[in-house]
Every structure is written in C-alpha cells, then in structure tokens.
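Participant: Below is a structure I'd like to ask you about.
Residue numbers (my numbering): 182 to 968.
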C-alpha cells in the first residue's frame with residue numbers, strides 16, 4: 182500500500198469497503214472474503230410472510246450493498262459497524278422502496294440495526310405480510326448459516342497469512358451485545374421529565390443581548406442583514422491568511438482544501454489591550470477568541486444598562502462555549518527553538534478573563550460540546566441561577582477561524598460545502614460553510630428582573646440537553662434523541678406543539694442532516710401534531726458558526742420577537758427532495774413577513790413562542806424554548822406613565838477624543854430610526870445609568886430625540902449647535918463639590934468636571950425602563966502573531 186494506506190483508511194471506513202477498494206475490478210468479492218460466502222444479488226421479491234422473513238430480506242439487501250455474505254450480518258449490530266455511510270444508506274432505502282413504495286430517507290438513522298428496521302417495516306406495512314408460519318423456517322436457515330460462518334471463521338483464523346475475512350461474532354458475543362441494548366420507549370410514551378416547581382422563580386429572563394457576526398459589527402447590523410436577506414458568506418479574507426496557498430478544486434488532493442468560503446467577523450484581528458488591562462505582548466499571544474469575547478461581554482452589559490459598579494455585590498457567572506483553539510499553532514516552531522513565547526488558546530481563560538476583568542464572582546465555565554456549545558451554556562447558566570449559584574449569568578459562545586488548519590481538517594472529512602453555501606432545508610446541499618461569531622445573553626431570574634425594572638427581551642421557558650447515544654454513527658444525528666429532546670422541553674415548559682409559532686432549526690443544509698432533523702421534530706409532535714409551524718435557520722444567512730451557532734440562533738429569534746417579523750432563510754427556494762414537506766406541518770420561511778400572534782379561546786393575543794435547536798457533531802443536543810414577555814396590564818400602564826417631559830441630559834464618554842466622536846456618530850445614526858416606544862427620558866436614563874464614565878466627556882441638553890440627533894451630528898462635525906458641555910477628567914483623582922441642583926445644566930457642569938452625581942434626582946417620577954443603544958466603539962491596531 183505504501184503511502185496510500187492512510188488515505189485509504191480515512192476514505193473507506195470499513196473492512197468491506199477497504200477490500201472493495203483494493204480488489205481488481207474483475208475479481209469477485211468472495212475471492213477477497215475467504216470462503217465464508219459469496220456476494221449476493223439484491224433480493225428481487227419482497228417477503229410475504231412473518232417478521233422473521235422481513236429480517237432475512239433486510240439482511241440480504243444490506244449484505245448485497247456491502248458486498249458481504251449474509252451470514253456475517255448480525256441483526257442486532259448497528260449499521261455503522263459495517264461501514265454503512267450516507268451513500269450506502271440511500272442505496273439501501275432505494276432497495277426497500279422497490280417493494281414498499283416511498284419511505285423516509287432517514288429510516289436507517291431512526292432504526293439503526295436490521296432487527297429494529299425489520300420491526301418498523303412490519304409495524305408500518307402490516308398488509309405486506311400474510312403467512313405468519315414461515316418465520317420459523319427462515320430463523321432456522323439463518324441459524325444454520327450463522328453456524329457455518331462461525332466454523333469458517335475459525336478455519337480462517339488458522340490461515341491469516343493468505344486469507345482475509347470480516348469478523349463474525351460468536352453466539353455468546355451476540356447475546357452479550359443484546360444485553361447492552363436499552364429497552365426502547367413504547368410508542369407515544371412521553372420522555373422523562375425533571376420535575377420543577379412552577380412559578381416565576383423557574384422562568385429565566387433574558388435582559389440583554391450582544392454579538393458580532395459575519396458582516397455585522399453588532400446585533401442591529403445583524404438584524405438589518407437578516408431582514409434584507411443578505412448572504413454574509415465571503416471568500417476567506419487576506420487578513421487571516423492567503424487561502425490560495427491551500428486551495429485545490431480537487432477534493433482528493435492531500436494537504437489541500439476545496440473550500441475557500443466562510444462567514445467572518447470584521448476586526449477580529451484588532452484589539453485595544455490597554456482598555457482591558459493587558460500588555461500588547463500578552464494580547465498578541467492571547468487567542469483572538471478571548472479578546473473578541475471580552476468586547477462582547479462589555480457590549481452585553483451596556484445593552485442591559487448595567488455597569489461593573491452596579492453588579493458589585495451580586496454573584497454573576499460566565500458560561501462560554503468554544504470548540505477550536507488553533508491560534509496556539511502560530512509561533513509554535515519558534516517557541517520550541519527558544520526564539521519566542523508560546524501562544525495560548527486556553528478555553529478556560531476565555532471565561533476566566535471575563536470574570537477577572539468585570540469582577541464577576543459566580544461560576545466561570547468554558548465548555549465544548551461542538552456545535553451545540555453555546556446553547557448548552559444557556560442551559561447550564563439557567564440551572565446555575567435556579568440553584569442559586571449565581572444571581573445573573575453571561576452565557577454564549579465564540580468562534581473565530583484563526584488558522585488554515587481548520588479548513589484542511591474539514592476538507593479531509595468532506596464536511597465543507599462545495600459551492601460555499603449553507604442550504605438549510607434547500608436542495609443541493611453538499612456540506613456546510615464555517616462561520617465566525619461571538620455572542621452572549623445576560624440572564625436573571627424573572628421575578629428579580631421585574632422587581633429591578635430591567636428590560637426583558639424574552640423568557641426562557643425551558644431548556645433540555647441530551648445525547649444521541651449509540652446511533653447510526655459517531656457523527657450521525659439521532660432523530661429519536663432529537664425528538665425526545667424537543668418533547669421534554671415542551672413538557673417542562675407546559676406547552677403544546679401548537680403553542681410554537683416558530684422553530685429556529687439547526688439546519689446544517691446537508692442532504693440527510695436536514696431530513697433527520699425534520700423526522701426528529703415529527704417524532705416530538707407525533708401525539709399532538711400542529712397544523713402549521715414556520716421553520717428557518719440562521720446558518721443559511723451567515724454560515725455555520727459552530728460553537729457560536731446556538732447563540733446566533735437565539736439572537737435571531739430575540740430580534741424577530743422584538744420587531745414582530747420573520748426573516749427569510751436563504752438558498753431554500755428549491756426544497757430538499759428528501760423531505761416531503763407537504764406531509765408535515767413545517768413551512769420554511771423564504772420571505773420576510775410578519776410574525777403572526779396566536780390567540781387563546783377568549784380571543785386574547787398569546788405571547789410569541791419559539792423553539793431553538795442546536796446539535797453537536799459528537800451527539801450532544803440542546804433545545805431551548807423562548808417566549809415573548811408580556812407584562813401585567815397594571816405594570817405596563819405604570820411603566821408607560823414613567824418618563825419626564827421637558828429638558829433631558831444625554832451624557833457620553835470615551836477613553837480618547839476619537840472614541841467620543843465615534844460614539845456621537847453611532848448614536849446619532851441609531852436615533853435616526855428610533856423605536857416607537859422610546860421616550861427622551863428613557864434614552865437619557867440609559868446613557869446616565871447604564872454606561873461607565875470615562876475620561877473624555879460630553880453632555881448635551883435636549884427635549885426631543887430629533888434635537889439630540891442633530892446635536893450629536895454637529896458635535897461630531899466639530900460645530901456644536903445645541904447646549905453642550907465637554908471636559909477631560911483624571912479618573913485617578915476624586916473631585917469633591919456640593920451636590921448640584923437637580924437641573925440638566927447643573928448636572929452637566931458637575932459631571933464633565935468629574936464630580937459624582939445622583940442621576941435618579943433628574944427623574945422624580947421614577948427611572949424609565951432602559952432601551953438598547955449602540956455599544957462602545959472599540960478601537961485598536963492589528964494584534965496578531967506574525968506567521
């Protein structure tokens with residue numbers, strides 16, 4: 182074999198397929214298999230007798246596709262033991278369809294052995310079987326054939342130098358393996374549910390969201406791209422690496438990648454070390470994922486209108502998902518030769534650095550469940566809050582493609598889409614497109630969020646995590662487990678499938694991955710099938726963000742709830758031919774449109790509710806149910822009454838003058854299309870109480886948002902035309918002075934001079950609920966280890 186052996190082992194995957202690859206075209210399979218038996222033709226007649234004959238029929242069909250003797254197929258062994266991949270799966274399904282008509286293309290992922298598949302066929306097609314007494318004869322024939330195979334195997338073992346054979350288990354081994362098989366749950370039986378005490382204490386509020394995604398510097402730009410149906414996938418940018426060095430259109434060329442597309446975060450290579458109390462040398466040797474996530478957490482606190490000072494005294498946890506640490510490959514050779522420092526890609530440091538800088542004292546955890554990582558972090562954070570391990574929690578994920586080795590690895594495993602498109606539920610999907618992202622949500626107990634006047638974006642009604650177990654293959658999703666996952670989440674939330682108005686699916690866009698997911702959802706809803714549910718996947722817009730995929734999906738749903746709109750899933754005009762959508766309640770959202778509200782039996786609007794799924798390649802599945810927050814009528818009226826009329830004071834600050842100008846520009850742009858519910862007092866209060874005061878300061882007096890926007894634009898242009906105050910404060914010195922009179926002008930003069938003020942005195946009717954305003958405009962030069 183010489184140099185071809187490793188490549189052959191990777192591509193073939195099973196003894197039978199390796200033998201087939203080595204054998205000359207004219208040689209028969211039996212010559213390569215020893216004397217255990219000959220390759221059989223596919224069975225031409227369907228079984229017409231007992232279930233035992235159905236097993237025999239399936240055995241012969243599988244054996245013919247694998248090029249194995251039927252006696253060597255153990256009916257209780259998983260198909261993946263014999264190297265059944267997706268191509269063989271489709272071939273076997275086509276063979277079954279010749280006798281049974283159209284079948285689900287995911288059958289071999291639902292029923293992972295001959296015995297399970299045969300039992301399903303008997304149950305699903307009872308009219309096909311009319312001779313109940315023929316099964317014993319077939320079982321006898323199989324027993325004789327198995328005994329012969331065992332004897333032949335023993336003979337082969339004595340002559341291994343000249344014979345090759347596929348291992349056949351003994352009867353004892355078979356019985357032992359059968360003992361390992363978990364008893365299946367009866368059809369229609371509910372998934373086991375962890376009992377929780379119902380009430381407000383169990384619901385978790387999302388009070389802030391922030392993130393950066395391909396071609397989107399914040400969630401507002403992310404929403405703009407989603408709403409416009411923009412495809413944010415692009416060629417690998419030159420600021421990462423020159424992809425032409427590693428690209429080859431030949432998928433089989435070793436050491437090359439056929440994929441040169443992805444979704445990329447702008448400015449992931451730029452950083453301001455001093456802002457986060459890091460030296461330039463330390464920052465250069467720190468994984469950019471750690472740096473980007475630090476900035477995300479800063480923006481998250483700003484979105485929730487929290488400062489580090491306000492959080493002191495509260496236990497705040499950090500839960501972050503990751504799955505790649507390739508940055509540490511840079512400089513490895515130099516470090517080994519004593520010519521430089523070794524870089525670090527510590528997962529734990531991503532969470533711990535955030536806890537350190539923001540002075541969080543709750544749990545600080547980084548975890549890797551592959552593509553479900555960031556959704557699992559939200560589940561873990563909710564558990565921590567319920568267990569009172571923390572009062573608030575930052576939960577999310579980060580994924581930055583920092584090294585070309587990642588694309589080489591994905592290409593070797595044939596995971597990459599050939600055309601650079603994620604076709605979620607669309608036809609022609611050949612793989613996925615890697616994407617970057619960094620996102621997080623701020624979580625808090627719902628009762629506490631209501632009491633503290635937080636802006637509640639949505640409520641986590643339930644979350645579940647499970648594993649696919651021993652399914653059809655290590656990286657093959659298990660529709661049974663996925664169905665149980667969604668069913669358990671609905672039961673925990675005390676909801677029915679018809680309560681869901683939208684499903685944000687995992688939706689990798691592969692030919693069989695998407696049908697498997699649809700099958701799993703149908704299993705979850707089997708006893709209570711809704712009439713219609715809209716589905717979509719953010720992967721079609723930005724690519725597959727891997728460890729950040731779950732938080733990207735959660736962010737999309739939160740934005741759809743905020744705006745009452747559903748955005749299109751791209752590349753799905755032609756739907757996946759392996760999914761019979763007409764026979765399901767699922768409708769893929771292909772255009773932008775309103776998110777209709779459901780009504781109860783009394784005609785009252787019900788809160789919008791959505792499910793979000795995320796499945797890891799290693800088998801860890803997660804599902805979260807989000808629900809729109811509807812404040813009680815009395816509270817809503819009280820909140821609407823808060824908000825002073827008359828002069829208000831907007832305050833901005835930055836570490837330098839350039840940052841202050843950038844802030845003014847960004848806020849002015851945001852105010853050009855404000856939310857209809859915003860009040861001048863709410864904007865003023867958010868800036869006063871929800872932002873940390875830095876050295877370069879600006880204060881503007883205004884009465885309307887239009888006036889504030891004009892004043893910000895004038896200041897940015899160097900020609901202020903409204904009442905404004907500026908100052909530079911030495912933060913190391915405490916400025917003493919008498920408390921200013923509770924008037925905007927007096928407060929402005931005191932604040933720009935560095936004096937501490939009590940902002941609540943400017944809002945005698947009570948503090949308004951904060952609103953979402955642009956985050957701090959981080960600056961910085963390129964910080965990336967030279968390669």
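All C-beta atoms in this analysis are idealised placements derived from N, C-alpha and C, irrespective of residue type, glycine included.
Note that the coordinates shown come from a computational prediction; the quantities given were computed from them, not determined experimentally.
Taking all protein chains shown into account, decide if residue 642 is buried (16 or more other Cβ within 10 angstroms of its Cβ) or exposed.
Facilitator: Here residue 642 is taken as the residue at index 461 of the chain shown, counted from 1. Per the 10 Å Cβ criterion, buried.
Participant: Relative to the alpha-carbon of residue 875, which residue among 887, 912, 685, 387 has its alpha-carbon at the smallest distance?
Facilitator: Within the chain shown, residue 875 is the residue found at index 694, counting from 1. Answer by Cα proximity: 912.
Participant: Using only the heavy atoms of the ligand MN, determine whether one of them is closer than 8 Å to the beta carbon of residue 254.
Facilitator: With respect to small molecules bound, the structure shown includes none, and the ligand MN cannot be examined in it.
Participant: Sorted by chain position, which residues of the same chain lie with C-beta nearer than 6 Å to residue 306's C-beta, five sequence neighbours on each side aside?
Facilitator: In the chain shown, residue 306 corresponds to position 125, counting from 1. Cβ neighbours of residue 306 beyond the five flanking positions: 281.
Participant: According to DSSP, simplified to helix, strand and coil, what is residue 615?
Facilitator: Numbered from 1 along the chain shown, position 434 holds the residue referred to as residue 615. Three-state DSSP puts residue 615 in a strand.
Participant: Starting from residue 449, trace the beta strand (DSSP E) both ways and give me its first and last residue.
Facilitator: Position 268 of the chain shown, counted from the first residue, corresponds to residue 449. First-last for residue 449: undefined, no H or E at that position.
Participant: Given residue 616, which residues of its chain have a CB within under 7 Å of its CB, disregarding the five upstream and five downstream residues?
Facilitator: Counting from 1 along the chain shown, the entry for residue 616 is found at position 435. The answer, listed in chain order, is 395, 443, 444, 723, 724, 725, 726.
Participant: My assumption, with CB atoms under 8 Å, is that residue 770 sits in contact with residue 747. Please give the rounded CB distance.
Facilitator: Position 589 of the chain shown, counted from the first residue, corresponds to residue 770. Position 566 of the chain shown, counted from the first residue, corresponds to residue 747. With 8 Å as the limit, residue 770 and residue 747 qualify as a contact, their Cβ atoms being about 5 Å apart.
Participant: Helix or strand or just coil, what does DSSP make of residue 631?
Facilitator: The residue given as residue 631 occupies position 450 in the chain shown. Reduced to three states, the DSSP call for residue 631 is helix.
Participant: To test your reading of the DSSP string, which unbroken alpha helix (DSSP H) runs of 4 or more residues are found completely within the region 892-966?
Facilitator: You should have 925-933.
Participant: Compute the distance between the beta-carbons of residue 666 and residue 680, then report whether it is under 9 Å.
Facilitator: As a first step, residue 666 must be located in the chain shown, where it is residue number 485. As a first step, residue 680 must be located in the chain shown, where it is residue number 499. For residue 666 and residue 680, no; Cβs fall outside 9 Å.
Participant: Are there three or more Cβ pairs, one per stretch, closer than 8 Å when the region 448-459 is compared with the region 928-941?
Facilitator: No, the region 448-459 is not in contact with the region 928-941.
Participant: With H, G and I counted as helix, E and B as strand and the rest as coil, what does DSSP make of residue 686?
Facilitator: Reading the chain shown from its first residue, position 505 is the one you call residue 686. Three-state DSSP puts residue 686 in coil, outside helix and strand.
Participant: Can you say whether residue 826 is buried or exposed, counting buried as having 16 or more other CB atoms within 10 angstroms of its CB?
Facilitator: Counting from 1 along the chain shown, the entry for residue 826 is found at position 645. Classification for residue 826: exposed.
Participant: When the Cα of residue 234 is compared with those of 258, 247, 295, which residue comes out closest?
Facilitator: For this step, residue 234 is matched to residue 53 along the chain shown. If we check each option's Cα against that of residue 234, 295 comes out closest.
Participant: Taking 8 Å as the limit between beta carbons, can you name the residues of its chain near residue 477, skipping five residues before and five after?
Facilitator: To locate residue 477, count along the chain shown from 1; it is residue 296. These residues qualify, in order along the chain: 391, 392, 393, 577, 579, 619, 620, 621.
Participant: By DSSP, does residue 563 sit in helix, in strand, or in coil?
Facilitator: As a working mapping, residue 563 is identified with position 382 in the chain shown. If DSSP states are grouped into helix, strand and coil, residue 563 belongs with the helices.
Participant: Could you tell me the alpha carbon to alpha carbon distance between residue 570 and residue 460, rounded to whole angstroms?
Facilitator: As a working mapping, residue 570 is identified with position 389 in the chain shown. As a working mapping, residue 460 is identified with position 279 in the chain shown. C-alpha separation (whole angstroms): 33 Å.
Participant: Given this structure, state the Cα-to-Cα distance separating residue 589 from residue 261, to the nearest angstrom.
Facilitator: One-based indexing of the chain shown puts residue 589 at position 408. One-based indexing of the chain shown puts residue 261 at position 80. Straight-line Cα distance between these residues: approximately 25 Å.
Participant: Using C-beta distances below 6 Å, list every residue in its chain close to residue 649, excluding the 5 sequence neighbours before and after it, in chain order.
Facilitator: On the chain shown, position 468 is the one that residue 649 refers to. These residues qualify, in order along the chain: 659, 662, 800.
Participant: By Cβ distance below 8 Å, which residues in the same chain neighbour residue 206 in space, the five residues on each side in sequence not counted?
Facilitator: As a first step, residue 206 is located in the chain shown; it is residue number 25 there, counting from the start. With a pLDDT of 37 at residue 206, under the threshold of 50, the modelled position of that residue is not reliable, and the figure given next carries that caveat. None.
Participant: Roughly how many angstroms lie between the CA atoms of residue 382 and residue 677, to the nearest whole one?
Facilitator: As a first step, residue 382 is located in the chain shown; it is residue number 201 there, counting from the start. As a first step, residue 677 is located in the chain shown; it is residue number 496 there, counting from the start. Low confidence applies to residue 382: its pLDDT is 45, below 50, so where it sits in the model is not reliable enough to give any reading.
Participant: What are the start and end residues of the beta strand (DSSP E) that includes residue 718?
Facilitator: Translated into positions along the chain shown, residue 718 becomes position 537. Note, residue 718: premise wrong, no beta strand (DSSP E); not H, not E.
Participant: Decide if residue 286 is buried, meaning its Cβ has at least 16 other Cβ atoms within 10 Å, or exposed.
Facilitator: Sequence index remark: in the chain shown, residue 286 carries index 105 (1-based). Classification for residue 286: buried.
Participant: Below 7 Å CB to CB, which residues in the same chain sit around residue 751 once its five sequence neighbours on both sides are set aside?
Facilitator: In the chain shown, residue 751 corresponds to position 570, counting from 1. Taken in chain order, the residues that qualify are 410, 412, 721, 722.
Participant: Look up residue 595 in the DSSP assignment and say whether it is helix, strand or coil.
Facilitator: The residue given as residue 595 occupies position 414 in the chain shown. DSSP places residue 595 in coil when its eight states are reduced to three.
Participant: How close, in whole Å, do the beta carbons of residue 881 and residue 831 come, if the pair is a contact with beta carbons under 8 Å?
Facilitator: Reading the chain shown from its first residue, position 700 is the one you call residue 881. Reading the chain shown from its first residue, position 650 is the one you call residue 831. Yes, residue 881 and residue 831 are in contact; Cβ-Cβ is about 5 Å, under 8 Å.
Participant: Ends of the alpha helix (DSSP H) at residue 830?
Facilitator: Sequence index remark: in the chain shown, residue 830 carries index 649 (1-based). Taken as a continuous stretch (DSSP letters only), residue 830 belongs to no alpha helix (DSSP H), being part of the beta strand (DSSP E) at 829-835.
Participant: Below 8 Å CB to CB, which residues in the same chain sit around residue 320 once its five sequence neighbours on both sides are set aside?
Facilitator: Numbered from 1 along the chain shown, position 139 holds the residue referred to as residue 320. Unreliable positioning characterises residue 320 in this predicted model, as indicated by a pLDDT of 43, which lies under 50. A coordinate reading is not provided.
Participant: So residue 466 and residue 522 are supposed to be a Cβ contact under 8 Å. How far apart are they, rounded?
Facilitator: Counting from 1 along the chain shown, the entry for residue 466 is found at position 285. Counting from 1 along the chain shown, the entry for residue 522 is found at position 341. Contact holds; Cβ gap of about 5 Å.
Participant: If contacts are defined as beta-carbon pairs under 8 Å, then residue 611 and residue 598 qualify, I think. What distance do you get, rounded to the angstrom?
Facilitator: Taking the first residue of the chain shown as position 1, residue 611 is located at position 430. Taking the first residue of the chain shown as position 1, residue 598 is located at position 417. Residue 611 to residue 598, Cβ: 5 Å. Contact.
Participant: May I have the straight-line CA-CA distance separating residue 581 from residue 488, to the nearest angstrom?
Facilitator: On the chain shown, residue 581 is found 400 positions in, with the first residue counted as 1. On the chain shown, residue 488 is found 307 positions in, with the first residue counted as 1. If I take the Cα positions, the gap works out to 27 Å.
Participant: Please report how far the alpha carbon of residue 952 lies from the alpha carbon of residue 864, in whole angstroms.
Facilitator: By 1-based counting over the chain shown, the position of residue 952 is 771. By 1-based counting over the chain shown, the position of residue 864 is 683. Taking the straight line joining both Cα atoms gives about 7 Å.
Participant: Give the straight-line distance between the Cα atoms of residue 447 and residue 472, rounded to the nearest whole angstrom.
Facilitator: The residue you call residue 447 lines up with position 266 of the chain shown. The residue you call residue 472 lines up with position 291 of the chain shown. Cα to Cα, the separation comes out at about 13 Å.
Participant: Given that a residue counts as buried once 16 or more other Cβ atoms are within 10 Å of its Cβ, and exposed if not, what is residue 354?
Facilitator: Reading the chain shown from its first residue, position 173 is the one you call residue 354. Legend: pLDDT at residue 354 = 38, less than 50; position of this residue unreliable, value from coordinates given subsequently. Exposed, since its Cβ has fewer than 16 Cβ neighbours within 10 Å.
Participant: Going by other Cβ atoms of all chains shown within 10 Å of its Cβ, with 16 needed for buried, is residue 573 buried or exposed?
Facilitator: Numbered from its first residue, the chain shown carries residue 573 at position 392. Counting Cβ neighbours within 10 Å, residue 573 comes out buried, since at least 16 surround it.
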